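In terms of this note's numbering, the sequence shown is numbered consecutively and its last residue is 277.
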Amino acid sequence: MKRFYWIGGVVGLILLIAVPLVIFWPQAPSQSSDPWDNMPTHLTHTDHHDIIQGPFDSPQAVTENCLECHPDSADQVMHTTHWTWEGDPVEVPWRDGETVTIGKKNQINNFCIGIQGNWQKCTSCHTGYGWSDAGYDFDESANVDCLACHANTSTYAKGDYGYPAEGIDLVAAAQSVANPTRDNCGKCHFDGGGGNGVKHGDLDESLYFPTANLDVHMGE
Numbered sequence: 058m059k060r061f062y063w064i065g066g067v068v069g070l071i072l073l074i075a076v077p078l079v080i081f082w083p084q085a086p087s088q089s090s091d092p093w094d095n096m097p098t099h100l101t102h103t104d105h106h107d108i109i110q111g112p113f114d115s116p117q118a119v120t121e122n123c124l125e126c127h128p129d130s131a132d133q134v135m136h137t138t139h140w141t142w143e144g145d146p147v148e149v150p151w152r153d154g155e156t157v158t159i160g161k162k163n164q165i166n167n168f169c170i171g172i173q174g175n176w177q178k179c180t181s182c183h184t185g186y187g188w189s190d191a192g193y194d195f196d197e198s199a200n201v202d203c204l205a206c207h208a209n210t211s212t213y214a215k216g217d218y219g220y221p222a223e224g225i226d227l228v229a230a231a232q233s234v235a236n237p238t239r240d241n242c243g244k245c246h247f248d249g250g251g252g253n254g255v256k257h258g259d260l261d262e263s264l265y266f267p268t269a270n271l272d273v274h275m276g277e
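Quick look at the structure:
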């Protein structure tokens, strides 16, 4: 009889250890065949129709209005290549250790040649306002164009030197802001160089509504 008590005690001890291990042992994440299950989720954007009132006498006034609630946003943009149009400094060995930066700002490329030959049109895709010559002030936060990436493209478009196109209703554009979409990106990147697919052979207006066969990430 004592033997059965002993065996029962051992079994009970094993169960006492094993059961919690089974219950609380980390489980491997479940696998899904649907890639959309692995996409990050974003907070719903705040509707700005009741927040932004205007009127605005300049595009810079729109930016200043945005910065009242988003004070760090302009500074964040100004540290990106979308704003600087140049990469990180690199050392040039044959120039006595001199460091230089290169990018769209100063490079020659096969399609558009260089921005110095056509400031008016080239800088129409800059994420800022008023870049008309080599003396542009890259430290002026009011020149950051919030609308280029956030406004609904049915209400906003950029024109010469990066200013809003003629006839744009700045209040309507500002009230339409939301999270950036491929439409915002495509207005510059799909039509770079003056036309659909001109500058980038792998970026064109077919990416507005791509199939999965065309682009597995953007395909719907």
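Even for Gly, the Cβ is constructed at its ideal location relative to N, Cα and C.
In this text the structure is predicted, and so the values were computed from the model without any measurement.
Pull up the DSSP beta-bridge partners for residue i, would you.
{"i": "Pro221", "result": "Lys215"}
{"i": "Asn166", "result": "Ile170"}
{"i": "Val201", "result": "Gly185"}
Starting from residue i, follow the alpha helix (DSSP H) in both directions and report where the run begins and ends.
{"i": "Val255", "result": "Element bounds for Val255: n/a, residue is neither H nor E."}
{"i": "Glu121", "result": "Pro116 to Cys126"}
{"i": "Asn241", "result": "Arg239 to His246"}
{"i": "Ser130", "result": "Ser130 to Val134"}
{"i": "His139", "result": "Thr138 to Thr141"}
{"i": "Trp93", "result": "Per DSSP, Trp93 belongs to no alpha helix (DSSP H) and is neither H nor E."}
{"i": "Lys178", "result": "Trp176 to Cys179"}
{"i": "Ala229", "result": "Leu227 to Gln232"}
From which residue to which residue does the beta strand (DSSP E) around residue i run?
{"i": "Thr156", "result": "Glu155 to Val157"}
{"i": "Val147", "result": "Val147 to Val149"}
Please report the straight-line C-alpha distance between residue i and residue j, rounded to a whole angstrom.
{"i": "Asn209", "j": "Lys244", "result": "11 Å"}
{"i": "Trp176", "j": "His257", "result": "19 Å"}
{"i": "His136", "j": "Val76", "result": "54 Å"}
{"i": "Val228", "j": "Cys206", "result": "16 Å"}
{"i": "Pro92", "j": "Met275", "result": "11 Å"}
{"i": "Lys215", "j": "Ala85", "result": "49 Å"}
{"i": "Gln110", "j": "Leu124", "result": "15 Å"}
{"i": "Tyr213", "j": "Ile225", "result": "6 Å"}
{"i": "Asp104", "j": "Pro237", "result": "14 Å"}
{"i": "Ile44", "j": "Ser87", "result": "Outside the shown range of the chain (58 to 277) lies residue 44, about which nothing can therefore be said."}
{"i": "Asp153", "j": "Ser130", "result": "38 Å"}
{"i": "Arg340", "j": "Ser211", "result": "The structure shown has nothing for residue 340, since the chain only spans 58 to 277."}
Buried or exposed: which applies to residue i, given that a residue is buried once 16 or more other Cβ atoms fall within 10 Å of its Cβ?
{"i": "Ala222", "result": "exposed"}
{"i": "Gly249", "result": "buried"}
{"i": "Ile170", "result": "exposed"}
{"i": "Tyr265", "result": "exposed"}
{"i": "Thr184", "result": "buried"}
{"i": "Ile159", "result": "exposed"}
{"i": "Val79", "result": "exposed"}
{"i": "Ile172", "result": "buried"}
{"i": "Leu204", "result": "buried"}
{"i": "Cys126", "result": "exposed"}
{"i": "Ser181", "result": "buried"}
{"i": "Asn95", "result": "exposed"}
{"i": "Thr138", "result": "exposed"}
Below 8 Å on the Cβ atoms is my guess for residue i versus residue j; work out the distance and round it to an integer in Å.
{"i": "Ser233", "j": "Asp132", "result": "About 24 Å; that fails the 8 Å criterion."}
{"i": "Tyr220", "j": "Pro116", "result": "6 Å"}
{"i": "Asp259", "j": "Asn253", "result": "Not quite, the Cβ-Cβ distance comes to about 13 Å (not below 8 Å), so this is no contact."}
{"i": "Glu143", "j": "Lys162", "result": "5 Å"}
{"i": "Gly192", "j": "Asn200", "result": "Gly192 to Asn200, Cβ: 13 Å. No contact."}
{"i": "Ile230", "j": "Asn122", "result": "Sequence inspection shows Ala at residue 230; the Ile mentioned does not correspond to that position. In fact, because the Cβ distance is near 12 Å, the residues do not count as touching under 8 Å."}
{"i": "Trp151", "j": "Phe195", "result": "The Cβ separation is near 28 Å, so there is no contact."}
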